[in-house]
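K.L.:
Here it is, the structure in full.
Number of protein chains: 2
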Amino acid sequence: MKHLRLSILGFGVVGQGLAELLVGKRTLLQQHFDLDVTLVSVANARHGFIYCEKGLDIPTLLALAAQRQPLTNHPGVKHWANALEGLRATGGHILAEATGTNLRDAEPGISHIRAALTQGMHVVTANKGPLALAAQELLALALQHHVQLRMEATVMAGTPVLSTLTEGMAGARLRSVRGILNGTTNYILSAMAAGRDYADVLAEAQAQGYAEADPTADVEGYDALAKTLILAAVGFGHTLKPEQVFRKGITSVSREQMRRAVDEGKRIKLVASLQAVSDFGESPLEARVEPLALPLSDPLARVDGVLNAITFQMDTLSEVTIIGPGAGRLQTGQGLLADLIAVAKTA
Amino acid sequence: MKHLRLSILGFGVVGQGLAELLVGKRTLLQQHFDLDVTLVSVANARHGFIYCEKGLDIPTLLALAAQRQPLTNHPGVKHWANALEGLRATGGHILAEATGTNLRDAEPGISHIRAALTQGMHVVTANKGPLALAAQELLALALQHHVQLRMEATVMAGTPVLSTLTEGMAGARLRSVRGILNGTTNYILSAMAAGRDYADVLAEAQAQGYAEADPTADVEGYDALAKTLILAAVGFGHTLKPEQVFRKGITSVSREQMRRAVDEGKRIKLVASLQAVSDFGESPLEARVEPLALPLSDPLARVDGVLNAITFQMDTLSEVTIIGPGAGRLQTGQGLLADLIAVAKTA
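Top line first, the protein sequences correspond to chains F and V.
Position 25, counted from 1, in the first sequence is what my numbering calls 1228; the numbers after and before it change by one each time, with no gaps.
Position 133, counted from 1, in the second sequence is what my numbering calls 1336; the numbers after and before it change by one each time, with no gaps.
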């Protein structure tokens, strides 16, 4: 049996989702993967970092989080106000980085990831910021310290996209990518295609928890843009700056445009795309996030509601499409779990 | 640089496809995967087994195969009439098993695979027979000899299905599978949906090389059945016997049934399915291959022509669908190549 000591930084929806899976999947991990995971530390922004040498009790942590009580109420823990200091002082085999995405400077996630890799910890992450802004730097740092950095959960949650691209299709060369990478906007556009108003649907999506109170990151395409940057790094080995991606959100899509598309047998989708370009100008990649009217013969056109989808054009496989959930507590936790299992094989 | 010595048994379309990729991808394998592959032996049924200590010249082999000349015309080779004896006498790090599928007794592939695993060689295979009939025996044999047995190319060619299931979604539990796993029948059914006759389309598919002169294995559902057996073993850890799968081919689909389905907004597809059943009778799995009329809201309904698709129901991910090519020289070779790269990581 392999014993791994895990730290989870960021204990919101995603961090809790992973923790919940570690409880529910404990027997499966032992029986199928010969793997035993001990959660030794957890941090959130409000209560700081807690550590317990012999392992934290996950049900206790989940109950504290549900009741919005301080994590320090967990019995027998050491406490640091600052997660970075706590992580440096205590370590472990794997960091699961699950703090919120920040596309300005990727903090605090990027500091957590740098610290973990530098001290020889593997990292699995659901945080889009660090990978969107600095994938190549961080992957090089992981290589330098002989540890893995995996990020399945950053694109389409636990739907296997990045591992499928780099491992499942290993040896194939990526030519282009097109994807519906944001569930909130797809939910809104799907409802608009059925005749509803943008404002109504947005309000409903907010009430159901599909959209944030401030929906800018979703509806203006920033979330899809972050995932596009990650795909550029993972799929093409190329770091794009956010401003190198043409970006147009869905707020400009009118009811009239939507009606016309439906009349023409098309569906308007927020499409993220990357295309290798042959004339090497400033960048060898053309990257775009924009609403496009797709014919129904397009495999992305009928992907409705909060579902996500991605189509890869590969040299040896022509076109491969993957459709699946793009968000959610357990769905995103699943991405971290699969990465953790992959790390365990080599750790 | 890791140097691997490879044997390819079976040098038809699939074996040649892998060989072609090894030439075309040589630089990529070296640069991205730090991997150098030397093809040391090849066999086909007609000319037996050839071996060259310092490596065979792949372009020479491909030219001989294209001209239907004996492989023994390759300069400087040792020759065995029997592939099994040749393999035992010469060895290597990896066997790529690419002989034809035989669902009666899985020979000669199963003997090749057993011999390779027993002598400590990793195996990657595109041959459905051995995995359909004896997946669990062979996987146990691989485990016993501390080598890998990988089979991505057996289901949907190089479209990443099996690795996505076991690695990309590691930790998730499979509840059910539904797939369009045979390109020939999907090509025929797609054309019939457009109003054409079964016999006409079959003749055309045969002329274009999509269907065999004897189309039984495809149109009666045996090919899809073999893949269903492999999915049962890989996805559920359960070996089904062929006779435990309900099987109905497409020859009984009438023009009238097809027209009625289209009128109702449905598409008839040859659907392979596996479903975990709760009342444990003879088998914990219900397995079926049969033509079904699917509503257009089903992600499988609009998968047309020779494309294949599979939908997994997973506990943590609800539904994940993968669409891609299901056959072809380079497409199947790609599956073997990805497996070979995965083996190299641990070899």
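The beta carbon of each residue, even a glycine, is placed where N, CA and C say it ideally should be.
Helix, strand or coil, according to DSSP, for A1479 of chain V in the structure here?
P.N.:
strand
K.L.:
Determine the closest residue to A1427 of chain F out of F:G1440, F:L1274, F:P1445, F:D1417, with distance taken between C-alpha atoms.
P.N.:
Of the candidates F:G1440, F:L1274, F:P1445, F:D1417, the residue whose Cα lies closest to the Cα of A1427 of chain F is F:P1445.
K.L.:
Report all residues from its chain with a CB closer than 6 Å to the CB of T1454 of chain F; omit the five preceding and five following residues, and keep chain order.
P.N.:
V1422
K.L.:
Nearest-angstrom Cα distance between A1269 of chain F and T1275 of chain F?
P.N.:
14 Å
K.L.:
Would you call the CB atoms of Y1425 of chain F and V1404 of chain F closer than 9 Å?
P.N.:
no
K.L.:
If we call anything under 9 Å between Cβ atoms a contact, is T1357 of chain F one with K1331 of chain F?
P.N.:
Yes; because the gap between Cβ atoms is below 9 Å, this pair is in contact.
K.L.:
What is the residue span of the beta strand (DSSP E) that E1288 of chain V lies within?
P.N.:
No beta strand (DSSP E) holds E1288 of chain V; the alpha helix (DSSP H) holding it covers 1286–1293.
K.L.:
Am I right that D1239 of chain V and K1281 of chain V are in contact with their C-beta atoms under 8 Å? What's the rounded C-beta distance?
P.N.:
Taking a contact as a CB-CB distance under 8 Å, the pair D1239 of chain V and K1281 of chain V does not count as one, their CB atoms being some 22 Å apart.
K.L.:
Could you pull the start and end residues of the alpha helix (DSSP H) that Y1390 of chain V belongs to?
P.N.:
1386–1396
K.L.:
Between the Cα of T1241 of chain V and the Cα atoms of V:L1231, V:H1250, V:N1247, V:C1255, which residue gives the shortest distance?
P.N.:
V:C1255
K.L.:
Could you tell me which whole alpha helix (DSSP H) segments of length 4 or greater appear in the segment 1213–1257 of chain V?
P.N.:
1216–1227, 1229–1236
K.L.:
Starting from R1376 of chain V and walking both ways along the beta strand (DSSP E), at which residues does that stretch end?
P.N.:
DSSP places R1376 of chain V outside any beta strand (DSSP E), giving it a letter other than H or E.
K.L.:
My understanding is that H1441 of chain F touches L1510 of chain F, with C-beta atoms under 8 Å, so please give their C-beta distance in whole angstroms.
P.N.:
Not confirmed; about 28 Å, so no contact.
K.L.:
Assign Q1272 of chain F to one of two classes, buried (16 or more other C-beta atoms within 10 Å of its C-beta) or exposed (fewer than that).
P.N.:
exposed
K.L.:
Give a yes or no on whether 9 Å exceeds the smallest Cβ distance from I1297 of chain V to chain F.
P.N.:
Interface flag for I1297 of chain V against chain F is unset, since no Cβ pair is found closer than 9 Å.
K.L.:
Pick helix, strand or coil for I1316 of chain F, following the three-state DSSP scheme.
P.N.:
In the structure shown, the three-state DSSP call for I1316 of chain F is helix.
K.L.:
Are the C-beta atoms of S1500 of chain V and some chain F residue less than 9 Å apart?
P.N.:
yes
K.L.:
So which residues on chain V does M1461 of chain F lean against when the C-beta distance must stay under 8 Å?
P.N.:
Result: empty, since nearest Cβ-Cβ is about 20 Å, beyond 8 Å.
K.L.:
When burial is assigned at 16 or more other CB atoms within 10 Å of the CB, is T1514 of chain F buried or exposed?
P.N.:
buried
K.L.:
With which residues is F1449 of chain V paired in a DSSP beta bridge?
P.N.:
Partner(s): V:R1491.
K.L.:
Starting from the beta carbon of I1526 of chain V, find every residue of chain F whose beta carbon is closer than 9 Å, and list them in chain order.
P.N.:
P1502, T1514, E1522, V1523, T1524, I1525, I1526
K.L.:
What residues from the segment 1467–1480 of chain V come within 7 Å of chain F, judged by C-beta to C-beta, listed N to C?
P.N.:
none
K.L.:
Determine the chain V residues that contact K1228 of chain F at a beta-carbon separation under 7 Å, and present them in chain order.
P.N.:
G1374
K.L.:
Kindly identify the DSSP beta-bridge partner or partners of E1522 of chain F.
P.N.:
Bridge partners of E1522 of chain F: F:Q1516.
K.L.:
Using a Cβ-Cβ cut-off of 9 Å, state whether T1519 of chain F counts as contacting chain V.
P.N.:
yes
K.L.:
At a CB-CB cut-off below 7 Å, which residues of chain F make contact with R1399 of chain V?
P.N.:
Those within 7 Å of R1399 of chain V in chain F number zero; the least Cβ separation is about 18 Å.
K.L.:
In terms of DSSP beta bridges, what is N1276 of chain F paired with?
P.N.:
Looking at the DSSP assignment, N1276 of chain F forms no beta bridge with any residue, so it has no partner.
K.L.:
With G1357 of chain F as the anchor, note down where its beta strand (DSSP E) starts and where it stops.
P.N.:
Residue identity check: residue 1357 of chain F is Thr in the sequence provided, not Gly. Careful: T1357 of chain F lies outside any beta strand (DSSP E) and carries neither H nor E.
K.L.:
When the Cα atoms are used, what is the spatial distance from Q1347 of chain F to L1520 of chain V?
P.N.:
34 Å
K.L.:
Rounded to whole angstroms, what is the Cα-Cα separation between R1378 of chain F and V1492 of chain V?
P.N.:
Going by the C-alpha atoms only, they are around 35 Å apart.
K.L.:
With H, G and I counted as helix, E and B as strand and the rest as coil, what does DSSP make of T1321 of chain F?
P.N.:
helix
K.L.:
Could you tell me which chain V residues have their CB closer than 8 Å to the CB of A1222 of chain F, listed as they occur along the chain?
P.N.:
Within 8 Å Cβ-Cβ: nothing; A1222 of chain F doesn't reach chain V, min ~14 Å.
K.L.:
Please report whether the beta-carbon of T1351 of chain V lies at a distance below 9 Å from any beta-carbon of chain F.
P.N.:
Note that residue 1351 of chain V is Gln in the sequence shown here, rather than Thr. Not one chain F Cβ lies under 9 Å of Q1351 of chain V.
K.L.:
Give me the Cα-Cα distance between S1393 of chain V and G1468 of chain F, rounded to the nearest whole angstrom.
P.N.:
20 Å
K.L.:
Report buried or exposed for H1349 of chain V, applying the criterion of at least 16 other Cβ atoms within 10 angstroms of its Cβ.
P.N.:
exposed
K.L.:
Look up A1550 of chain F in the DSSP assignment and say whether it is helix, strand or coil.
P.N.:
Correct three-state label for A1550 of chain F: coil.
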